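In my numbering, the protein residues as written are 3 to 189. For each residue, glycine too, the CB sits at the ideal point set by N, CA and C. As the structure is a prediction and not an experimental result, all values here were calculated from the model.
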Amino acid sequence: PEKPKDIKQLQWRLSFSFAEVAVFSALSHTHRKLYGLAKFVFHELLGHISLLSTYHIKTLMMQRIERENQSYWDEVKPLQFVQEIMTEVLDCLHKQQIEHFFVKGKNIFPTHKFKEEFIIEYKKVINETITRAVPIIKQHIVKDIGLDINLEQPSTTTSDKISTILQELLPSEAREEYRTGYLTRLL
3 PEKPKDIKQL
13 QWRLSFSFAE
23 VAVFSALSHT
33 HRKLYGLAKF
43 VFHELLGHIS
53 LLSTYHIKTL
63 MMQRIERENQ
73 SYWDEVKPLQ
83 FVQEIMTEVL
93 DCLHKQQIEH
103 FFVKGKNIFP
113 THKFKEEFII
123 EYKKVINETI
133 TRAVPIIKQH
143 IVKDIGLDIN
153 LEQPSTTTSD
163 KISTILQELL
173 PSEAREEYRT
183 GYLTRLL
């Protein structure tokens, strides 16, 4: 028999999409909210760099869920969580290693795309994550509820305006659901 010219003709692709759906359907509300926030911030702040993707954030999230106990999830603050995930991303860049969630020992870090300048760019953005993320999140909320407010100029009444409009538009249970759950729509 002739040898194939391209070894890829003999390779199989493993897909874990159904397993990922099963894992994500079992996530708690807190997990979903924090993942949605981390994914949103990653996409907004680092999505322009063609190295890592939100799939890598999902993998890091699933690993963290396995690693952390319930008290961590009960106590962690959203921006603290985002900062921790972004710090973990930076660590993965330095090591050029992100272990596949389902296939232990398999590195899914895209080493073929890696350039040293990515570390500098990621580090710069990650060190400014909270400073840059808060206005992006506020702007998203304002856009999401249809307000015509410019948040680039800080205003002490912006949150008051948002709260007032939410009070006028939504019953109290819907306001709470919006506040705690709107980011999960980004999944």
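Partner residues in the beta bridge of E101, as assigned by DSSP, are N109.
Residue burial annotation: I122 is exposed, with fewer than 16 other C-beta atoms found within 10 angstroms of its C-beta.
For H33, the enclosing alpha helix (DSSP H) begins and ends at 31-48. W75 sits in a helix when the DSSP states are folded into three classes.
Counting every other CB atom within 10 Å of its CB across the protein chains shown gives I9 a total below 16, marking it as exposed. R66 counts as buried, since no fewer than 16 other beta carbons sit within 10 angstroms of its beta carbon. Going by C-alpha positions, L36 is about 12 Å away from Y74.
If the five residues before and after E90 are omitted, its C-beta is found closer than 8 Å to the C-beta atoms of L62, R66, all from its own chain and listed in chain order.
Ranked by Cα distance from F18, the first of T32, H33, K60 is K60.
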